[in-house]
Every structure is written in C-alpha cells, then in structure tokens.
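As structure tokens, the structure follows; a few thoughts come after it.
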Amino acid sequence: MPEKDQIPDVLADRYASSAMAAIWSPEGKVKAERRLWVAVLEAQRDLGIEVPDGVVEAYRGAIGQVDLDSIRERERVTRHDVKARIEEFCALAGHEHIHKGMTSRDLTENIEQLQIRDSLRLVRDKLVAVICALGRQADTHAELVMVGRSHNVPAQATTLGKRFANYGGEARAGLDRIEDLLARYQLRGLKGPVGTQQDQLDLLAGDTDRVGELEQRMAASLGFDSVMDSVGQVYPRSLDYDVVSALVQTSSAPANLARTIRLMAGQDLISEGFQTGQVGSSAMPGKRNARTSERICGLSAVVQGYAGMVTSLVGDQWNEGDVSCSVVRRVALPGAFFALDGQLEAVLVVLNELVVFDDAIAAELAANLPTLTATRVLMASVAAGAGREEAHRIISEHASKGNKFFTAIVDDERLPIDEVDVDQIKSQLLALTGAAAEQARGFASNTRQLAAQYPNASVYQSESIL
C-alpha cells in the first residue's frame with residue numbers, strides 16, 4: 108500500500124495558534140499519555156503493587172522519545188492504536204509494567220479531557236484579551252455619535268463605543284459560560300472496561316480505599332481535583348456537547364462584531380486597516396475588503412458545524428459504552444477548538460488594527476438626522492401637550508421629506524413645538540444617544556477590573572498574520 112502524502116490540517120496549520128495546535132498535536136498526546144502511565148505505575152508501586160527498582164525511572168526517561176512513524180508501523184500490525192503505543196513505550200523503556208489494570212479508555216478518555224481542559228483555559232484567556240480590547244475601543248469611542256440601525260436601517264442615534272460595548276457584553280456572557288464549565292469539569296478517572304474498577308481491585312487485593320487513592324493520585328497528576336463517581340467505559344458524551352456548545356456560544360460575539368464591521372466597511376465608516384505590502388485582490392489593485400472579519404464569520408460557521416457532529420453522540424451510548432463515537436470526537440473536538448482559537452486570534456488582529464473614519468460617520472449622521480431625531484420630536488410634542496398618536500401620525504407624514512423635515516415640522520401648526528425646540532434637538536447630538544456613552548464607559552470600567560483579574564491574558568497579542 109503506497110504511503111499517503113501528508114495533507115495539512117487547514118484549521119491547525121492556517122488558523123489556530125501554535126499553543127492550541129500543540130495541545131492536540133500527535134506528539135503532545137503521546138507524551139501526555141506516557142506521563143499518565145508513569146503516574147499510575149508510580150502510584151501502584153507506592154500502594155503495594157510490586158514494581159522492580161528502576162522501572163518507573165526507565166519509563167520516565169523514555170517519555171520524550173516519540174517516533175510517530177514507529178508507532179504507526181506497530182498499529183498496522185495490531186490494528187489497535189493504544190496497543191501500538193503501549194508496545195512502543197515498553198520497547199523504549201525495556202520493561203512491560205505500564206497499563207496494569209487499565210483499559211484503553213482509562214488512558215484516552217482522561218487524556219482527551221486533559222486536552223479539553225487545557226484548551227478551555229486557553230480559550231478563556233484569549234476571550235479575556237478580546238473583551239479587554241473591546242473595552243478599550245468602547246472607551247475611546249464612547250461619545251462618537253453615529254447612526255444606530257434596527258433591521259439594518261437608520262433608527263436612532265447611538266455611539267460607536269456603545270456598539271463595541273454591545274458585543275463586549277455578549278462576549279462576557281461567553282466568558283462566564285467557559286468559567287462555569289471549567290469549574291465543574293470532572294475527570295472520568297480509572298474505571299476499567301465497564302466502570303466497575305474490577306481490574307484495579309484485583310491488583311490491590313480488593314482494597315477500595317487504595318483504589319480510590321490510586322484514582323485520586325492519577326487525577327492529581329493531570330491537575331484535576333474532582334473525579335466522576337460512576338460512569339461506564341466512557342464518560343457521557345453529553346459532556347462533549349456541553350463543551351462544544353460553549354464554544355459555539357463563545358464564537359457568537361466575535362461573529363456579530365465582524366459582521367457589523369463588514370457592513371460598516373462597505374459604507375466606508377470603518378476599516379480593518381491595511382498594512383504595508385498587503386494586497387486586497389489579485390485582480391483589483393484598489394480593493395480593501397474586510398477580509399479578516401469575513402474569516403471570523405466563516406470560522407463561526409465551522410464551530411457550529413462541529414457542534415452538529417457532537418450533537419449526534421448525545422443519547423447514543425450503548426450499554427456501558429462503545430467506540431462508534433471515536434471518529435466523530437477525533438475530528439470534532441480538536442476541530443472546534445482550532446476554529447474558535449483561530450477566530451479569537453483574528454478578532455484581536457482586527458481590534459488592534461481598526462481604523463475609524465470620523466468624518467464619514469458624521470456625514471452619515473447628518474444625512475439621516477431627520478430619521479434619528481423623529482422620536483425626540485415626538486417626545487417633545489407629547490411633552491408640550493400633543494396626543495401621542497396624533498403627533499406620531501403627523502411626524503410620519505413629514506418623515507420622507509429629507510432635509511425639509513425640520514422646516515415642515517416647525518411650520519406644521521398641529522404640532523406644539525417651534526424652531527427653538529427643533530434647533531435644540533438638532534444641535535445636541537450626544538443627547539440623541541440616551542445612555543449610550545455611559546453604558547460604553549461602564550463596560551470599559553468592567554473590562555479594567557477583568558484585566559486586573561487576568562493580567563497576563565488581558566495583554567495577549569495575537570500571533571495571527573494571515
């Protein structure tokens with residue numbers, strides 16, 4: 108059978124950060140498994156199982172000697188990936204003492220959960236960086252009055268800072284979800300082929316206390332302090348759904364922000380920035396599309412696609428467990444993290460290089476001022492004694508008159524407001540935005556508190572350049 112050409116993992120190679128890729132790399136997984144085997148073997152020795160002198164040390168010394176090609180050759184024979192990795196590690200150490208009382212899932216489930224936990228932590232830290240970057244933008248543009256849109260048409264005035272705060276608030280909800288998940292994320296532990304721990308009990312003479320101690324020491328070696336009480340061969344795949352659905356929720360705020368940036372860029376109100384040497388199009392020299400924001404939206408769709416895959420595993424467990432879920436999880440779990448990680452990397456680039464065109468925003472505001480002030484004209488009329496519905500009908504009659512709107516309002520004797528009232532409404536632009544500036548600054552203040560809580564994460568700089 109001819110060798111396959113190495114086809115790159117697009118998500119890992121092009122979009123995800125090196126830190127996220129390292130968590131899920133084949134070599135990293137092998138090393139993590141070997142550390143777990145050594146931790147279990149060492150604990151078994153300390154709890155009374157006979158292990159000759161020097162064995163633990165021999166295994167520990169071989170942890171870093173990873174030859175993926177050799178492991179693949181062994182798997183061609185065994186047709187079992189874990190057995191191939193056991194044989195390889197034993198050959199390197201010169202002993203056959205690991206994996207005692209363990210089933211494959213005692214190894215793979217716990218290591219996959221380690222990868223998930225570490226990935227969630229990395230997502231959390233990058234999300235903190237995104238929220239803090241949004242806070243800085245919200246603070247900078249807290250009073251920059253602009254057209255606010257409902258149904259994508261001009262509605263009322265808002266500020267650009269408030270718009271950033273809106274997406275920051277949604278991102279903060281995603282952060283809360285990730286934090287909650289991390290706080291309650293339990294390890295499967297050493298449960299054996301059907302969850303009864305029978306093999307470990309046989310090794311430890313039926314001593315449940317020692318088996319419990321063994322399991323806790325194994326968990327501690329991975330940095331977990333909580334282990335599931337009762338599971339079968341596999342932990343419930345609904346937990347994987349919990350994880351990936353949290354990633355979907357987290358991806359929403361960046362995608363909403365990016366979609367809005369794309370819309371604003373199309374109206375020349377904002378730009379992602381354009382760096383020296385950057386090319387917008389191979390055909391059109393002057394093109395300046397919001398290409399990174401497009402990527403952000405696309406990666407959100409990828410995360411959602413993996414959620415659909417993981418959803419198919421929910422409620423699909425056979426008895427104490429089976430391996431039909433393996434192919435889905437091997438693709439969906441790293442893929443979802445790679446996609447979200449790449450999205451967060453891209454958002455940080457956009458927020459760092461963003462260019463705001465104040466004059467264009469002001470021009471759009473002026474052009475839409477009749478629409479944006481109509482509600483205040485209505486409220487002023489009602490305050491002066493007009494009936495709300497009658498005033499609403501009259502103002503609606505004049506709403507389509509464009510620049511003549513204000514003159515028509517003043518000249519209409521049915522409305523109890525005059526030119527002074529209208530001029531005041533037109534000139535006090537920030538007053539048109541209600542509490543927008545205050546809300547933007549409030550969000551920015553909260554992000555400064557978040558930065559103090561996560562000082563290293565808050566200053567993270569994206570490594571993405573593509």
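Just so we're on the same page, the working numbering is the position in the sequence shown counted from 1, plus 107.
Idealized CB from N, CA, C, for every residue including glycine.
Remember, predicted model here, so these are calculated numbers, not experimental data.
Close beta carbons around A506, own chain, < 8 Å, minus the five adjacent residues each side:
For the purposes of this step, residue 506 is taken as residue 399 along the sequence shown, with counting starting at 1. When the five nearest sequence neighbours on each side are left out, the beta carbons in the same chain lying within less than 8 Å of the beta carbon of A506 are those of P477, T478, A481 and F512, in order along the chain.
So the candidates are R212, K508 and V235; which of them puts its Cα closest to the Cα of H187?
Within the sequence shown, numbered from 1, the residue matching residue 187 stands at position 80. Ranking R212, K508 and V235 by CA distance to the CA of H187 puts R212 first.
Could you tell me the alpha carbon to alpha carbon distance between P441 and W131, rounded to whole angstroms?
Mapped onto the sequence shown, residue 441 falls at position 334. Mapped onto the sequence shown, residue 131 falls at position 24. Take the alpha-carbon of P441 and the one of W131: they are about 6 Å apart.
Indicate whether P559 and A272 have their beta-carbon atoms separated by less than 7 Å.
For the purposes of this step, residue 559 is taken as the residue at position 452 of the sequence shown. For the purposes of this step, residue 272 is taken as the residue at position 165 of the sequence shown. Strictly speaking, residue 559 in this sequence is Ala, with Pro absent from that position. For the 7 Å CB-CB criterion, A559 and A272 do not form a contact.
Spell out the partners DSSP gives P261 in its beta bridges.
Mapped onto the sequence shown, residue 261 falls at position 154. Per DSSP, R256.
Of the residues D283, S345 and M325, which one's Cα is nearest the Cα of Q356?
Working through the sequence shown from its first residue, we reach residue 356 at position 249. The shortest C-alpha separation from Q356 is found at D283.
With 16 other Cβ atoms within 10 Å as the buried cut-off, status of I377
Along the sequence shown, one-based indexing puts residue 377 at 270. I377 comes out buried.
Which same chain residues end up closer than 6 Å to K574 when comparing Cβ atoms and leaving out the 5 residues on each side of it in sequence?
No answer is possible for residue 574: the residues shown for the chain start at 108 and end at 573.
Selection from K298, D225, V341 and G339 that minimises the alpha carbon distance to A290
Locating residue 290 in the sequence shown gives position 183, where the first residue counts as 1. The shortest Cα separation from A290 among K298, D225, V341 and G339 belongs to D225.
Can you tell which of G319, L214 and D465 has its C-alpha closest to the C-alpha of L329?
Position 222 of the sequence shown, counted from the start, is the residue given in the question as residue 329. Among G319, L214 and D465, the Cα nearest to that of L329 is on L214.
Between which two residues does the alpha helix (DSSP H) carrying V527 extend?
Locating residue 527 in the sequence shown gives position 420, counting from the first residue. Judged by DSSP secondary structure, V527 falls within the alpha helix (DSSP H) whose first and last residues are E526 to S534.
Alpha carbon to alpha carbon, how far is C197 from V318? Give it in angstroms, no decimals.
Counting from one through the sequence shown, the residue named residue 318 turns up at place 211. Counting from one through the sequence shown, the residue named residue 197 turns up at place 90. Using only the alpha carbons, I get a separation of about 24 Å.
Span of the alpha helix (DSSP H) holding L311?
Sequence index remark: in the sequence shown, residue 311 carries index 204 (1-based). Per DSSP, L311 belongs to no alpha helix (DSSP H) and is neither H nor E.
Taking the straight line between their C-alpha atoms, what separation do you get for L321 and D153?
As a working note, residue 321 is residue 214 in the sequence shown. As a working note, residue 153 is residue 46 in the sequence shown. The alpha-carbon atoms of L321 and D153 are separated by roughly 9 Å.
Under 8 Å by Cβ, that's how I've got I524 and A469 pegged, so tell me the actual separation to the nearest angstrom.
Translated into the one-based positions of the sequence shown, residue 524 becomes position 417. Translated into the one-based positions of the sequence shown, residue 469 becomes position 362. Incorrect: roughly 25 Å between the Cβ atoms, too far for contact.
If you check the beta carbons only, do L455 and S569 fall under 7 Å apart?
Position 348 of the sequence shown, counted from the start, is the residue given in the question as residue 455. Position 462 of the sequence shown, counted from the start, is the residue given in the question as residue 569. Yes, the pair counts as a contact, with Cβ atoms nearer than the cut-off.
Please check the pair G428 and G339, which I expect to be a contact at CB under 8 Å, by giving their CB distance rounded to whole angstroms.
In the sequence shown, the residue the question calls residue 428 occupies position 321. In the sequence shown, the residue the question calls residue 339 occupies position 232. That belief holds up - the Cβ atoms of G428 and G339 are roughly 5 Å apart, short of 8 Å.
Residue from D465, S534, A491 and S125 whose Cα sits closest to the Cα of R521:
Taking the sequence shown and counting its residues from 1, one reaches residue 521 at position 414. Closest in alpha carbon position to R521, among D465, S534, A491 and S125, is A491.
Taking D519 as part of the alpha helix (DSSP H), name the residues at either end of that continuous run.
Sequence index remark: in the sequence shown, residue 519 carries index 412 (1-based). Run containing D519: none; DSSP gives neither H nor E here.
Here's a check: name, in chain order, each residue in its chain whose Cβ is nearer than 7 Å to the Cβ of A390, leaving out the five neighbours to either side.
One-based indexing of the sequence shown puts residue 390 at position 283. Summary for A390: the model assigns pLDDT 49, below 50, so the residue's position carries little reliability; its value from the coordinates is reported in the next sentence. So no residue of the chain qualifies.
Measure from the alpha carbon of R500 to the alpha carbon of each residue in L485, Q307 and E471, then state which is nearest.
Start at 1 with the first residue of the sequence shown, and residue 500 comes out as number 393. Closest by C-alpha distance to R500, out of L485, Q307 and E471, is L485.
With DSSP collapsed to three states, give me the class of L321.
Residue 321 sits at position 214 when you count from the first residue of the sequence shown. Residue state, collapsed to three classes: helix.
How big is the Cα-Cα spacing for A236 and T210?
To locate residue 236, count along the sequence shown from 1; it is residue 129. To locate residue 210, count along the sequence shown from 1; it is residue 103. Those two C-alpha atoms are separated by around 40 Å.
As assigned by DSSP and simplified to three states, the class of S378
In the sequence shown, the residue the question calls residue 378 occupies position 271. DSSP places S378 in strand when its eight states are reduced to three.
Quick test of your reading: H202 and A165, contact by CB under 8 Å. State the CB separation rounded to the nearest angstrom.
If you number the sequence shown from 1, residue 202 lands on position 95. If you number the sequence shown from 1, residue 165 lands on position 58. With a Cβ gap of about 6 Å, H202 and A165 count as contacting.
Own chain partners of L221 with C-beta closer than 7 Å, once the 5 adjacent residues on each side are dropped
In the sequence shown, residue 221 corresponds to position 114, counting from 1. So the qualifying residues of the chain are A139 and L329.
Distance CB(P261)-CB(V254) smaller than 7 Å:
Translated into the one-based positions of the sequence shown, residue 261 becomes position 154. Translated into the one-based positions of the sequence shown, residue 254 becomes position 147. Contact annotation: P261 and V254 have beta-carbon atoms nearer than 7 Å.
Measure the CB-CB distance between L354 and L447 and report whether it falls below 7 Å.
Position 247 of the sequence shown, counted from the first residue, corresponds to residue 354. Position 340 of the sequence shown, counted from the first residue, corresponds to residue 447. The Cβ atoms of L354 and L447 lie closer than 7 Å to each other.
Helix, strand or coil for L461, going by three-state DSSP, please let me know.
Here residue 461 refers to the residue found at position 354 when the sequence shown is read from its first residue. It is coil, neither helix nor strand.
Rank G208, V162, A474 and G135 by C-alpha distance to the C-alpha of A312 and give the top, closest one.
Mapped onto the sequence shown, residue 312 falls at position 205. When C-alpha distances from A312 are compared across G208, V162, A474 and G135, the shortest belongs to G208.
Rounded to the nearest angstrom, what separates N459 and A240 at their Cα positions?
Taking the sequence shown and counting its residues from 1, one reaches residue 459 at position 352. Taking the sequence shown and counting its residues from 1, one reaches residue 240 at position 133. Approximately 8 Å, taken between the alpha carbons.
Tell me, to the nearest whole angstrom, how far the beta carbon of G275 is from that of G242; I am working on the premise that it is less than 8 Å.
For this step, residue 275 is matched to residue 168 along the sequence shown. For this step, residue 242 is matched to residue 135 along the sequence shown. Right, their Cβ atoms sit about 6 Å apart.
Contact defined as beta carbons within less than 8 Å: I believe D530 pairs with A467. What is the distance between those atoms, to the nearest angstrom?
Translated into the one-based positions of the sequence shown, residue 530 becomes position 423. Translated into the one-based positions of the sequence shown, residue 467 becomes position 360. Not quite, the Cβ-Cβ distance comes to about 25 Å (not below 8 Å), so this is no contact.
Here's the rule I'm using: 16 or more other beta-carbon atoms within 10 Å means buried, otherwise exposed. How should S204 be labelled?
Here residue 204 corresponds to residue number 97 of the sequence shown, with the count starting at 1. Inspection of the sequence shows that residue 204 is occupied by His rather than by Ser. It counts as buried.
Considering only the alpha carbon of each residue, which of M335, G549, V351 and T399 lies closest to T303?
As a first step, residue 303 is located in the sequence shown; it is residue number 196 there, counting from the start. Measuring from the Cα of T303, the nearest candidate turns out to be M335.
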